[in-house]
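S.K.:
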Amino acid sequence: MKALPVLKFIFIIIAVFFLFWGAISLFAETPPPPPEPPPCVPSGTTCSSGSPYRCNDFAVYKCGNNFCGKSGGAIEQGAEWYECVDWSCSDGCDGSSGTDVVGGPFGPDQIKPYGTVPDYQICPAVYNDWGTTPPVTACSGSCYPAPNLKNLNDASLLPKNVPEESSFKLPINFGTEDNVKQEVAKAPNFCTVGSYEFNVTDPSVSKISTSNQLQTLSDTSYKFECQIKSDGTYQWKARACLDSGGTDCGEWPGTQDFNTSPAPELISPYDADWNGINKIKDVKIPTRLDWCDISQSQSYFLKLYKDGKLFYPVLIDKDKNKRLYSELNLGTEVLTKYNNYDWEVASCLNENGTNCGNYSQYWKFATGDIGLPAPKILTPISTQGIPVVNMSDNLSWESVALMGVLSYQYEIKKENTTIIDSNTTGAITSVSFKDLWNKLKFDQLYSWTIRSCWDEEGKKCEIDKSAASFKTTGAPPTNIQAGPLDKKGEVIIPTSLKFDAMPGAGSYYYEVSSAKGTIPNSLSPVGWADYSDLKTKTNYSVQIKTCADDKGLFCGEPATKNFTTFTLSNPQNPKPASDGNLLTYEKQLAWDAVEGARYYQYKVVSGPEGIVQTNSTFLATEKLELGSYALSVRACLDKDCQEAGEWSTFNFNLIQSENCKAGLVSCGRNCNSTETPWNDRKPCQFKDIFLVLQNIINLVLWTLVPIALVLLALASGVIYYTSMGNEATTARVKRIWRSVGIGLGIIFLAWLAINLLLALLGFQVKIFGHWWQLPF
1 MKALPVLKFI FIIIAVFFLF WGAISLFAET PPPPPEPPPC VPSGTTCSSG
51 SPYRCNDFAV YKCGNNFCGK SGGAIEQGAE WYECVDWSCS DGCDGSSGTD
101 VVGGPFGPDQ IKPYGTVPDY QICPAVYNDW GTTPPVTACS GSCYPAPNLK
151 NLNDASLLPK NVPEESSFKL PINFGTEDNV KQEVAKAPNF CTVGSYEFNV
201 TDPSVSKIST SNQLQTLSDT SYKFECQIKS DGTYQWKARA CLDSGGTDCG
251 EWPGTQDFNT SPAPELISPY DADWNGINKI KDVKIPTRLD WCDISQSQSY
301 FLKLYKDGKL FYPVLIDKDK NKRLYSELNL GTEVLTKYNN YDWEVASCLN
351 ENGTNCGNYS QYWKFATGDI GLPAPKILTP ISTQGIPVVN MSDNLSWESV
401 ALMGVLSYQY EIKKENTTII DSNTTGAITS VSFKDLWNKL KFDQLYSWTI
451 RSCWDEEGKK CEIDKSAASF KTTGAPPTNI QAGPLDKKGE VIIPTSLKFD
501 AMPGAGSYYY EVSSAKGTIP NSLSPVGWAD YSDLKTKTNY SVQIKTCADD
551 KGLFCGEPAT KNFTTFTLSN PQNPKPASDG NLLTYEKQLA WDAVEGARYY
601 QYKVVSGPEG IVQTNSTFLA TEKLELGSYA LSVRACLDKD CQEAGEWSTF
651 NFNLIQSENC KAGLVSCGRN CNSTETPWND RKPCQFKDIF LVLQNIINLV
701 LWTLVPIALV LLALASGVIY YTSMGNEATT ARVKRIWRSV GIGLGIIFLA
751 WLAINLLLAL LGFQVKIFGH WWQLPF
C-alpha cells in the first residue's frame, strides 16, 4: 500500500516533462528556404545513335537425334543473339539515352554437345527444335534389351506348366527373367518395365502381360485360350515394353520351340494354378465344364472327382445332329454346395468313348452356396390322426438327390429329448423301423425331422427341414373274448381268442396255459388254444400282446382275460333206440353229437370197441351172432380219449330180416337163408370160391341150360320145316346138337367134380340131390 503514492508521483513528473517539451516545439522559429535558380530555356531536341552490335546472347538446346542413348542419342547446345543500337537525345535543358534491339534473334552458333542420353532413354521428338529449355530425356521401350526366356520347365513359373513326355499339356505359361527390369532400372536410366509382349509364331498371336509371366495366379482366364492347338509344334518369344499396353517395346530374343500334348485344353471354370493344390472357389451351380475343341475327336470322356475320389465318369458323344460339343453342363443333379471337385477330360477317336488319348490337366473347383430343398415326408403319414407304425414300416421321404443333396439327416425325438440322430446317403430315401426299434419304446408318441445335407456324412445340413409325428405300436389289445361258449357259458375246446385289431400291429403274441403262439395281423385277429394245452373244467388266464414284428418277438405290454373251460356231456339218443332192434344189414350205431366233442370212444359188449371222430360207428354185424348187446359210448377231446366225459350205455338186439333168400354168394351175407345147408352169415374163406362156382354151375345147368335146350329145339324144328328137306341144313342142325351135347357133358362133369370137392371140404351138398327140380 505504501508503494502506490510513489508511483503516482513518478507518473506526474513524466507528464509534466512531455508538456514542457511540446510547448517549446510549438513556439520554435523555422529557417527560410534557399533561393530558386533561374529557369532554363530549351533550344530544340537533337538525337544520335551508334553502330549495331551483337547483344543479349542466350543459350538454346535441341535433340541431336532421337536415338536410344546406347545407340548414340545426343543433345545439342547453341547460342542465339540479337542486334542492338545505343542512342541518346537532348534539348539543351534535359537529355535521355537508351539501347534498342533492332534485329534477331540470330543463330544459333557455337553449337556443341550438351550432356548425354542414358542408354535406355531418348531425347524426345518434342525437343527436335531449338528451345531455351534443355531437353528432358525419357525412357523408351524401343531401347530395352531382349529378355532372357525361361525354359517351360522352370519351377519359378506360376502356375507351373504340366509336362507330358516331350510336350506340355495346354494351357502353357510363358515367362522371362527379370534381366530387362533390373538393367533399365540402373542409374542414370531409372526406367521401368510396364508390360511384356508374348508372341507365339505360326500362326502368330500375341498377348500382353504386365508380369514377366504370361499367366499369373491371380488371372481369371487363360490369355491364349484355344489359340494354341493340342498336338502341335510352336515357337515363342517375348519382349519388354515401357507401357502397360505393350505399344512401346524393346528387342525380341531368339524363339524357343515347344510341343503341345494331344490332351484337351481346359477353359472353365478356370483354375488359376492349374495342376496345383489351390482351386477356384464359390463356383455357382449350375456350372459349365468347358474345354477347347479337338478336330479329330469323335467323343470325349470326362472324369469328375469329389474330394479326390472318382464319382461321376461320363461320356460326351455326338448329338442327334452329329455335333460334338466340348462342354458339359452340371447342375444339382451332380453338384452340391460347399464341395470340392476335380476334373479332367480325354479326347477319344471313337464315338463310344474308346481309343482315348491322354487326359488333360487336373483342375479343381469348389462350389458356392445354393439353397437345398427340404425333403417331403412320404411315410409314415395318415389322414386320420397320428400314424401308428411297426417294424415293417419305414421313415421315407421324397428324393431330392438331383437337387444337390448328397445325404439326409434325420432326427427322432420324444418330447424334447433326441432319441436318434443319424443320416443316410443321397441314394437312400427310407429307413426301416426294424433298424430303429431297439431305441424306441412301445405305444409312445415321437416326432421326427428330415433335412438335406451337402456332404456324404450328413453333418453339413440345411436349417430348413420337414417334420412329422408317429406313434409306435404295442398298445395292449382290447375286448378279448374266449369262445365258443357252450350252453352254460363255459369255453369250448379248441378255444378261439378274439380281440380288437390294434393300430399298427405287426402280429400278436398270446399265452394261455402252455399254449403260446403268434397271431398274424388282420382286421379280425383270432388265436387258438387246443388240447393238450387246455383241459376241461379248468380256469385259465390268457395274455395277449401287440407286437411290432410279424413273428411275435417284439411286443408291448399284455392284456389279460380269465375264462373257464367246459365239461364234456355224455352222449344221448342212440340209434337204434335203447332196447331197440338193429338189422344185420344196417351195420351202424349212432348217437347225438356232444357239444365240443372231437372223438367218441365206444364199446360193444361181446363185440368190437374203438374210437371214432363222428357220432356214429360201423358195426360188422356179420361177425356177431344174432342176439342182445350193450353199447357204451363217451365223448372225448383227444384221439386217445385221455380227456373224456362220462360213459352212456344203451342196449340193442341184433336181428336179421325175415325174408332171406339164397344167393350166388354163400358167405358174408346179412342174413342166413334156410334154403342152404350152410350159414350164409359166416365170414368168407378161400374154399367158398368153389361153393360160388357150384352155385354158378347150378344156375347154368339147371336153370339156363333147360331154357336154352327148349329154344334150340324150337329153332331146329323151324329150320327143318323151312329147309324143305335140304340135306346141308339138316347136317348143320345135327352138328349143332352134337356140340350142345358135348358142352352139356362138360358142364355136368364140372358140376359133379365141384360137388365132390365141396363134400371133401366139409360142405353139406347133395351131389345127386334134387337136380331134376327146377327152381322156377
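Note that the UniProt record's numbering gives residue 537 to position 537 of the sequence shown, counting from 1, and the numbers run on in steps of one.
Using N, Cα and C, we set each Cβ at its ideal position, and we do this for glycine too.
This one's a predicted model, so the numbers in the text were calculated from it and none came from an experiment.
(1) With distances taken between CB atoms, is the gap from L568 to A644 smaller than 8 Å?
(2) What does a CB cutoff of less than 8 Å around I10 pick up in its chain, not counting 5 residues either side in sequence?
(3) Just list the residues that DSSP pairs Q256 with in beta bridges.
(4) By a C-beta neighbour count over all protein chains shown, 10 Å radius and 16 as the cutoff for buried, is R239 buried or exposed?
(5) Return the residue from the list C241, A753, D638, G107 that minimises the CA-CA distance to Y144.
(6) Just confirm the distance between the C-beta atoms of T336 and G404, as a whole number of angstroms; I'd bet it's less than 8 Å.
(7) Let me make sure I understand the geometry here. Which of G276, T287, K229 has the alpha-carbon closest to that of S261?
(8) Looking only at its own chain, which residues have a Cβ that is under 6 Å from the Cβ of I14, when we skip the five neighbours before and after it?
(9) Taking I386 and L436 to be in contact with their CB atoms under 8 Å, please state how far apart those CB atoms are, rounded to whole angstroms.
(10) Indicate the three-state DSSP secondary structure (helix, strand or coil) for N423 in the structure shown.
(11) Cutting at 7 Å between CB atoms, please list the residues of its own chain near L626, excluding the five before and the five after it.
(12) Three or more C-beta pairs under 8 Å: does that hold for the region 193 to 209 against the region 296 to 304?
(13) Below 8 Å between beta carbons: does that hold for A366 and N339?
(14) Tell me, which residues are paired with D342 by DSSP?
(15) Quick check: what's the CA-CA separation for L760 versus I754?
(16) Quick one: residues in its chain with C-beta nearer than 6 Å to the C-beta of G426, no 5 flanking neighbours on either side, listed in chain order?
(17) Considering only C-alpha positions, which residue in the set G254, E265, P264, D307 is nearest to I277?
(18) What does the alpha-carbon distance come out to for the pair E225 and K181?
(19) Which one of D293, S268, F301, N570 has the shortest CA to CA distance from P286?
(20) Could you tell me the boundaries of the alpha helix (DSSP H) in which N539 lies?
(21) Less than 8 Å between the beta carbons of N148 and E177, yes or no?
(22) Which residue or residues does DSSP assign as beta-bridge partners of T449?
(23) Would you mind sorting I12 into buried or exposed? The rule is 16 or more other CB atoms within 10 Å of its CB.
(24) Reducing DSSP to helix, strand and coil, say where G78 ends up.
(25) For Q121, collect the residues of the same chain with a Cβ closer than 8 Å to its Cβ; drop the 5 residues on either side in sequence, then sort them by chain order.
(26) Tell me, to the nearest whole angstrom, how far the beta carbon of Y509 is from that of G552; I am working on the premise that it is less than 8 Å.
(27) Say whether the region 458 to 468 touches the region 363 to 379, bearing in mind that this needs 3 or more beta-carbon pairs closer than 8 Å, one atom from each stretch.
(28) Exposed or buried, which one is V41 when buried takes at least 16 other CB atoms within 10 Å?
(29) Could you say which of K439, F442, V314, S396 lies nearest to residue 817 if we only look at CA atoms?
(30) A577: buried (16+ other C-beta within 10 angstroms of its C-beta) or exposed?
(31) Distance check for Q601 and K488, CA to CA, integer angstroms please.
(32) Less than 8 Å between the CB atoms is what I'm expecting for Q235 and F174, so what's the real figure, rounded?
(33) Kindly indicate which three-state DSSP category K516 falls into: helix, strand or coil?
(34) Are Y531 and I493 closer than 8 Å when you measure CB to CB?
(35) Should Y585 go down as buried or exposed, given a rule of 16 or more other Cβ atoms within 10 Å for buried?
(36) Alpha carbon to alpha carbon, how far is L757 from A750?
M.R.: The relevant details are as follows:
(1) yes
(2) none
(3) W236
(4) buried
(5) C241
(6) 4 Å
(7) K229
(8) none
(9) That pair is no contact at about 17 Å.
(10) strand
(11) L654, I655, Q656
(12) no
(13) yes
(14) Y305, K364
(15) 10 Å
(16) A401, V405, L406, S407
(17) D307
(18) 28 Å
(19) S268
(20) Note, N539: premise wrong, no alpha helix (DSSP H); beta strand (DSSP E) at 539 to 547.
(21) yes
(22) E411, A467
(23) exposed
(24) strand
(25) C68, G69, G73, T137, A138, C139, S140, C143, N189, C191
(26) 4 Å
(27) yes
(28) exposed
(29) This structure does not reach residue 817, given that the chain is present from 1 up to 776, and the question cannot be answered.
(30) exposed
(31) 24 Å
(32) At roughly 11 Å, the Cβ-Cβ gap does not stay under 8 Å, so Q235 and F174 are not in contact.
(33) strand
(34) yes
(35) exposed
(36) 11 Å
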